[in-house]
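All remarks here apply to the structure that follows.
Residue numbers (our numbering), protein chains in the order written: chain A, 1 to 458; chain B, 459 to 916.
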């Protein structure tokens with residue numbers, strides 16, 4: 001029986017004999033009896049197993065160390081004086097796998113840095129039991145939100161030969177032997193490679209996603225993306241997961257409605273399904289986490305233009321490191337100020353076109369684009385989206401201005417020719433969401449096996 | 459209003475005025491009136507829009523061609539003589555995006571080869587509306603099965619420096635300029651690359667998945683995988699999606715139970731949610747598809763050893779292209795015979811160890827491994843799994859025999875040292891499942907943008 005099933009029934013099971021399999025997380029072994037703090041990983045709650053000299057192999061069991069795998073059969077009894085309502089009075093305990101004294105994961109507080117160095121063991125620790133279950137449940141929340149709202153989940157390709165986002169930000173892939181490259185005209189001859197040309201792994205599925213939105217109206221992607229950024233910060237990784245919905249017949253207001261509704265749905269879902277994990281994070285990682293999340297579910301998100309945000313920033317009695325400006329991006333310090341100013345999440349809309357991407361819709365003023373960033377208290381920018389330019393002539397002009405290779409994405413441009421319509425989409429970095437949901441500070445601690453510059457272990 | 463919502467309510471909406479946005483799939487334009495076959499992609503069903511000269515822009519609307527995007531407002535009325543129960547009597551029709559006469563996707567039967575050449579438009583065709591919605595719904599079915607059974611969804615890394623599966627089958631990745639590679643001792647100096655060493659994109663998340671199964675008991679992966687195989691067949695692609703569950707405290711019988719239960723759940727889920735799409739595939743792609751799927755849900759899967767399968771094959775009065783043998787793999791013709799022999803899905807267990815992977819558990823006979831392949835009628839091998847070798851000494855000996863680099867996966871070996879236990883896992887190619895669910899023959903037609911040797915378009 002999984003512990004999660006056991007704790008679902010709890011006191012109803014009293015008097016029943018059950019068998020559980022899992023691991024020793026802690027062991028208080030006395031001369032005549034012992035208490036095992038036991039977990040199988042299906043529940044954040046542990047089960048206390050009590051045993052005594054009636055066990056035929058008492059001596060063997062009594063010596064077992066933390067980390068050992070075992071199978072225990074016994075009666076569920078009311079717990080006396082323990083933290084739990086029930087415990088298991090073991091009649092049989094079998095050792096399935098021993099664990100030596102040098103087991104690195106002893107029941108004490110370890111630093112996150114140390115746990116990162118044993119990434120293959122750290123999911124057994126309380127903090128990573130919480131973080132990676134929240135990660136899993138949040139992923140499911142995202143799927144449930146979109147599927148129940150008639151979105152089609154699209155697996156956009158990872159391998160691409162379209163380098164319109166700037167190939168210097170993408171990993172190149174090859175099947176060549178690097179020390180025996182085919183050369184033609186003094187250059188590497190990619191016509192000999194598997195795809196017959198240079199190929200990359202992608203940083204976004206958006207352009208492909210739009211082609212499916214023009215067929216299914218509402219689609220989303222959810223998959224890994226890659227960036228070559230050589231940046232060793234708490235928020236950058238070279239491999240991360242992204243969610244990229246694209247919606248036909250949707251303008252910027254409609255897009256903000258979707259973003260707000262989805263985020264509230266996901267946060268509520270995680271609060272409901274991972275209540276114990278959130279409590280743990282609230283106690284040991286970010287004080288006030290639960291309040292922050294519960295407040296978000298019931299708040300109305302502010303909607304304000306970039307111009308008006310800069311107004312507020314300029315009026316603020318703050319000595320900025322970066323002076324706010326109508327033509328410039330918003331710095332981290334500004335994000336923080338604005339979410340505190342409005343005491344909640346803020347949609348910042350209508351950004352200067354020069355600092356935004358070529359596919360975003362130009363507003364009637366000719367200077368700004370119909371783009372929106374969602375800033376949330378404590379985590380900064382969580383989502384970025386825009387209405388997409390649906391006027392083919394305007395789009396082509398923008399591509400020219402911004403030096404985008406038209407031939408590589410003629411199909412994307414053609415969407416405006418064959419029954420184009422107003423449409424919008426956004427991207428959300430999944431790890432940033434998990435950081436927001438758990439209070440964990442470093443992106444390395446929300447990814448099972450993080451990949452960062454100089455670090456690709458396991 | 460999404461068409462899927464409209465068709466949910468259907469006749470309850472009669473008399474209501476609604477607005478829909480979508481595309482013209484076909485247009486019968488008469489002198490005084492017209493019928494538009496209209497779809498927004500949220501439902502496999504189309505809506506008939508009827509209009510007449512009362513429209514102020516009748517002349518403009520009457521000329522519209524297939525593919526055009528429009529917004530229509532009008533009353534839902536009972537359909538007379540149409541295939542649908544209801545239709546829309548339009549009072550306003552606005553053109554959102556025109557579509558010229560050279561639109562490649564005209565309402566007639568196109569070959570799959572032609573549709574592949576317009577991959578960015580093909581999701582608008584009936585067949586790909588069916589296939590890609592089934593793909594999306596099947597993905598959700600998989601998530602729901604595992605999540606509702608307490609599995610943790612793990613994002614195992616795509617980028618890896620562990621080449622234990624044979625690096626010649628993996629794409630290498632780099633941030634280097636191929637025409638300006640750093641050289642040291644006459645070799646490319648990967649210490650200068652982003653990760654400080656040679657890196658790959660992976661073909662499996664299994665080994666990393668096992669580390670999480672040893673923490674959460676039950677986990678699954680669902681993500682893209684890559685193979686460099688230079689093979690141009692109907693069943694090979696260089697990028698595809700895999701599901702890889704790993705389960706602690708689970709033996710081979712337990713694993714087969716999971717595989718069988720999961721497959722039945724997914725098939726039933728798709729039959730329930732995509733009934734119209736399955737009907738279409740049944741009519742136009744694979745006659746008997748619906749029967750095949752309904753039968754699977756209610757069948758018991760046969761479980762038989764590889765040895766006994768070879769017995770049956772040897773006794774069969776068939777002239778084989780490949781002679782069956784106790785020490786050999788099962789060929790496609792054998793798979794077909796066996797599923798027909800048992801008239802349903804067949805688990806083939808206990809394979810000769812020499813033709814299986816190094817991490818599979820050696821049976822007490824010393825000759826076979828506790829591996830299982832699931833063969834299904836019409837699609838061959840759908841899943842492959844095994845109990846994993848949990849005896850560290852046996853595992854190390856196998857790695858030596860099969861020339862696996864121990865240093866690269868010392869962490870994997872260590873799982874046997876720190877509270878190891880019997881455990882099992884399997885892999886399912888997602889595209890193979892979609893082929894099975896739709897009857898589509900070519901893997902290129904179940905992937906949004908397929909990547910195959912010589913072909914990486916879009």
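Don't be surprised by glycine CBs; every beta carbon is placed ideally from N, CA and C.
Inset, instruction - Compare the C-beta of residue 201 of chain A against all C-beta atoms of chain B and say whether one is closer than 8 Å. - result: yes
Legend entry - At least 3 beta-carbon pairs within less than 8 Å: the region 288 to 301 of chain A vs the region 250 to 268 of chain A: yes
Inset, instruction - Using only the heavy atoms of the ligand SAM, determine whether one of them is closer than 7 Å to the beta carbon of residue 716 of chain B. - result: Within the structure as shown, the ligand SAM is missing, as the structure has no ligands at all.
Legend entry - residue 640 of chain B classed as buried or exposed, judged by whether at least 16 other C-beta atoms fall within 10 angstroms: exposed
Inset, instruction - For the alpha helix (DSSP H) holding residue 296 of chain A, just list the boundary residues, first then last. - result: 289 to 298
Legend entry - For residue 722 of chain B and residue 835 of chain B, the rounded distance between their alpha carbons: 14 Å
Inset, instruction - Determine the closest residue to residue 92 of chain A out of A/103, A/70, A/351 and A/198, with distance taken between C-alpha atoms. - result: A/70
Inset, instruction - Report all residues from its chain with a CB closer than 8 Å to the CB of residue 894 of chain B; omit the five preceding and five following residues, and keep chain order. - result: 834, 836, 837 and 840
Inset, instruction - Would you please state the rounded distance, in angstroms, between the beta carbons of residue 269 of chain A and residue 141 of chain A? I believe it to be under 8 Å. - result: 4 Å
Inset, instruction - Run the CB neighbour count on residue 691 of chain B, radius 10 Å, all protein chains shown included, and call it buried at 16 or more, exposed below. - result: exposed
Inset, instruction - At 9 Å on the CB atoms, spell out the chain A contacts of residue 479 of chain B, in chain order. - result: 217, 248, 249 and 421
Inset, instruction - Inspect the beta-carbon positions of residue 67 of chain A and residue 870 of chain B and report whether they are closer than 8 Å. - result: no
Inset, instruction - Check whether the region 580 to 597 of chain B touches the region 147 to 159 of chain A, counting contact only when three or more Cβ pairs, one atom from each stretch, lie closer than 8 Å. - result: yes
Inset, instruction - Please report how far the alpha carbon of residue 702 of chain B lies from the alpha carbon of residue 751 of chain B, in whole angstroms. - result: 23 Å
Inset, instruction - Output, in chain order, the set of chain B residues within a Cβ distance shorter than 9 Å of residue 36 of chain A. - result: None at all; the shortest Cβ gap to chain B is about 13 Å.
Legend entry - Residue from B/502, B/713 and B/511 with nearest C-alpha to residue 842 of chain B: B/713
Inset, instruction - Kindly indicate which residue of A/228, A/207, A/363 and A/347 has the alpha-carbon position closest to the one of residue 653 of chain B. - result: A/228
Inset, instruction - Starting from residue 27 of chain A, trace the beta strand (DSSP E) both ways and give me its first and last residue. - result: 17 to 29
Legend entry - Selected residue, minimal CA-CA separation from residue 821 of chain B, among B/615, B/710 and B/629: B/710
Inset, instruction - Would you grab the beta carbon distance between residue 423 of chain A and residue 274 of chain A for me? Rounded to a whole angstrom, and I think it's under 8 Å. - result: Wrong, their Cβ atoms sit about 34 Å apart, outside the cutoff.
Inset, instruction - Inspect the beta-carbon positions of residue 224 of chain A and residue 473 of chain B and report whether they are closer than 8 Å. - result: no
Inset, instruction - Could you name the residues of chain B that residue 69 of chain A contacts, counting a contact when the two beta carbons are closer than 7 Å? - result: 877, 878 and 879
Inset, instruction - Would you mind giving the Cβ-Cβ distance between residue 507 of chain B and residue 464 of chain B, rounded to the nearest angstrom? I have them listed as a contact below 8 Å. - result: Wrong, their Cβ atoms sit about 12 Å apart, outside the cutoff.
Legend entry - Neighbour-count burial assignment, residue 582 of chain B, 16 or more Cβ in a 10 Å radius: buried
Legend entry - Secondary structure, beta strand (DSSP E): runs of 3+ residues fully inside the region 364 to 431 of chain A: 368 to 376, 380 to 387 and 423 to 429
Legend entry - Distance between residue 8 of chain A and residue 27 of chain A (C-alpha atoms, nearest Å): 25 Å
Inset, instruction - Determine the chain B residues that contact residue 129 of chain A at a beta-carbon separation under 9 Å, and present them in chain order. - result: 673 and 674
Inset, instruction - Have a look at residue 887 of chain B and residue 901 of chain B and give me their C-alpha separation to the nearest angstrom. - result: 11 Å
Inset, instruction - Starting from the Cα of residue 220 of chain A, find the closest Cα among A/208, A/231, A/226 and A/230 and give me that residue. - result: A/208
Legend entry - Identity of the residue in A/47, A/172, A/290 and A/177 nearest residue 635 of chain B by Cα: A/172
Legend entry - Beta-carbon separation (whole angstroms), residue 457 of chain A vs residue 237 of chain A, contact threshold 8 Å: Between residue 237 of chain A and residue 457 of chain A the Cβ distance is about 13 Å, and since that is not below 8 Å, they are no contact.
Inset, instruction - Pull up the CB-CB distance for residue 697 of chain B and residue 448 of chain A, whole angstroms please, since I reckon it's below 8 Å. - result: No, residue 697 of chain B and residue 448 of chain A are not in contact; Cβ-Cβ is about 21 Å, not under 8 Å.
Inset, instruction - Would you tell me roughly how many angstroms separate the C-alpha atoms of residue 309 of chain A and residue 122 of chain A, rounded to the nearest one? - result: 42 Å
Inset, instruction - Drop a sphere of 10 angstroms on the beta-carbon of residue 335 of chain A, count the other beta-carbons inside from all chains shown, and report buried for 16 or more, exposed for fewer. - result: buried
Legend entry - From A/41, A/13, A/19 and A/35, residue whose alpha carbon lies closest to that of residue 4 of chain A: A/41
Legend entry - Residue interval of the beta strand (DSSP E) (run including residue 679 of chain B): 676 to 684
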